[in-house]
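Notes follow once the structure below has been shown.
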Amino acid sequence: MVYSRRASHANSWYEGSAKVLKATVDDLFERVKDFQLGGDEKLIGIISPHAGISYSGPTAAHVYKVLRNYIYGPKGSNVTHIFLLGPDHHKGFDGVEMSGAQQYETPFGALSIDTSVVSSVFQSLKAAGVQTTRMSQSTDEEEHSIEMQLPFISHILHHPPAGLTGAKNRIQLVPMLVGWTDRETEERIGAVLSSYSQDSHNIFVLSSDFCHWGSRFQYKYHYQKSEYPAIADAIIAMDHEGMEWLEKRDMNGWYEYLNKTHNTICGRRPISIGMEAVKNDRSTTVRFLHYSQSNRCASLSDSSVSYASALITHR
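Using our numbering, the first residue of the sequence shown is number 195, and each one after it goes up by one.
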């Protein structure tokens, strides 16, 4: 069943008023310094958090400002698709669910889904032996990991720099919800997406928060306690070890790190899939631009969520 996905988390996780949301995102962009890609460097994708915009928005803004400048610059003028890979937080399923929507509603206006590309990826995943189904509207609207990228994406597509035409009619979305996967499955999904990642018409958004620490997340691992006696410092160090494995593009190190720490990186599977998709391109660079925490944990009764944002580029 084809449907139009409501902006179900508007007015709670982010502002539902287009005017107020625009002011919020404009302010977030204003606070971020411009980051310039190298002259021959092209953007493949980004890693971006997905908490409420007041929590993770400042971290996400670092990579979305780069994406905005890229899309409206000469190197990104041919971008036509944004692939959105988000982790499932609610339903629980094996493999991948592709969105069945024809459009995603946002406070700035609807964003179009390329249903033909969605169908093509769907068939390719099934042919690769990946359990693949279609999202129901209720599953699509309950999940926040993809929707929380849309305040930035929709702002970018509907509000171009002065003198330029908005990209909302040029760029369509390809949303994918990732469920339970093991390394072999992630390699298969990455292999399917590899050709898309190497096509300059496409940008990938890998949606993920980093460590969720505290009783409410059932995770209180104290990383390298002797070296980092303060809980908050241990969390920062643990997250940064994971970030370093990704920047090294060392998938063995990344998977060993996850097995060792069990770090509650909710989008570890979308991130792993994205890394698998580009693993054969030796020119690929992963570069983290920002890291933050919702709270600095000082005791076992505290909790926090970490946010990190990164660029994935190649030459």
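Here a beta-carbon is modelled for each residue, glycine too, at the ideal position from N, C-alpha and C.
Among the candidates the options, whose CA atom is the shortest distance from the CA of residue i?
i, options, result
"Arg410", "Arg443, Val399, Gln418 and Thr458", "Thr458"
"Ile506", "Lys442, Cys491, Lys454 and Gly447", "Lys442"
"Ser330", "Arg199, Pro355, Gly468 and Leu279", "Arg199"
"Tyr449", "Thr375, Ser388 and Gly280", "Thr375"
"Leu231", "Pro268, Ile247, Leu215 and Tyr249", "Pro268"
"Ile383", "Ala426, Leu222, Gly436 and Val472", "Val472"
"Gly360", "Ile241, Asn263 and Ser495", "Asn263"
"Asn396", "Asp403, Phe404, Ser402 and Leu387", "Leu387"
"Thr309", "Lys419, Ile465, Gln366 and Leu400", "Gln366"
"Glu235", "Phe302, Phe404, Arg462 and Gln392", "Gln392"
"Glu378", "Ser466, Thr274 and Pro243", "Ser466"
"Ile247", "Phe223, Ile240 and Trp207", "Trp207"
"Ser519", "Ser332, Lys216, Ile265 and Val273", "The structure shown does not extend to residue 519, since the chain is modelled only from 195 through 509, so no value can be given for it."
"Pro464", "Ser339, Phe316 and Tyr249", "Ser339"
"His456", "Met445, Asn474 and Gly436", "Gly436"
"Thr327", "Phe316, Leu261 and Val480", "Phe316"
"Arg476", "Ser493, Ala504 and Arg509", "Arg509"
"Met370", "His352, Gln325, Phe404 and Ser394", "Gln325"
"Thr408", "Asp433, Val499, Arg481 and Glu337", "The sequence given here places Gly at residue 408; Thr does not occur at that position. Nearest of Asp433, Val499, Arg481 and Glu337 to Gly408, Cα basis: Val499."
"Thr253", "Ala295, Lys216, Phe404 and Gln297", "Phe404"
For residue i, which three-state DSSP category applies?
i, result
"Pro345", "helix"
"Leu452", "helix"
"Thr375", "coil"
"Ala321", "helix"
"Met292", "strand"
"Gly232", "coil"
"Val312", "helix"
"His434", "helix"
"Val260", "helix"
"Phe411", "helix"
"Gly468", "helix"
"Val196", "coil"
"Met370", "strand"
"Ile459", "coil"
"Ser401", "strand"
"Asp248", "It should be pointed out that residue 248 corresponds to Ser in this sequence rather than to Asp. Looking at Ser248 - three-state DSSP - the assignment turns out to be helix."
"Arg382", "helix"
"Pro305", "Going by the sequence as given, residue 305 is Leu instead of Pro. Of the three classes helix, strand and coil, the one that applies to Leu305 here is strand, per DSSP."
"Ile241", "strand"
"Ala356", "coil"
"Tyr417", "coil"
"Tyr208", "strand"
What number of angstroms, rounded off, separates the C-alpha of residue i from the C-alpha of residue j?
i, j, result
"Lys259", "Ile350", "9 Å"
"Val368", "Ala245", "21 Å"
"Glu299", "Ala204", "10 Å"
"Glu380", "Gly357", "42 Å"
"Ala255", "Gly468", "20 Å"
"Gly323", "Gly289", "10 Å"
"Cys491", "Val196", "44 Å"
"Leu319", "Val312", "11 Å"
"Gly461", "His283", "10 Å"
"Ala321", "Ala385", "12 Å"
"Gln418", "Asn453", "15 Å"
"Thr479", "Gly239", "11 Å"
"Pro243", "Ile347", "13 Å"
"Gly515", "Glu291", "Missing from the structure shown is residue 515; the chain here goes from 195 to 509 and no further."
"Ala504", "Tyr413", "25 Å"
"Val273", "Ser394", "6 Å"
"Tyr485", "Ser497", "17 Å"
"Ser420", "Lys285", "39 Å"
"Leu261", "Asp427", "31 Å"
"Ile307", "Arg364", "11 Å"
"His416", "Tyr422", "8 Å"
Residue i lies in the beta strand (DSSP E); which residues open and close that run?
i, result
"Gln296", "Ala295 to Tyr298"
"Ser394", "Run containing Ser394: none; DSSP gives neither H nor E here."
"His275", "His275 to Pro281"
"Ile365", "First-last for Ile365: undefined, no H or E at that position."
"Ile506", "Ser498 to His508"
"Ser493", "Here Ser493 belongs to no beta strand (DSSP E), and DSSP marks it neither H nor E."
"Leu483", "Thr479 to Gln487"
"Arg328", "Thr326 to Arg328"
Under 8 Å, Cβ to Cβ, is there at least one residue of chain E near residue i?
i, result
"Tyr449", "Here there is only one protein chain, and chain E is not present."
Going by DSSP, what residue range makes up the alpha helix (DSSP H) through residue i?
i, result
"Thr218", "Ala212 to Glu224"
"Thr333", "Gln331 to Glu336"
### Task
Could you tell me whether the region 266 to 286 touches the region 334 to 343, where touching means 3 or more Cβ pairs closer than 8 Å?
yes
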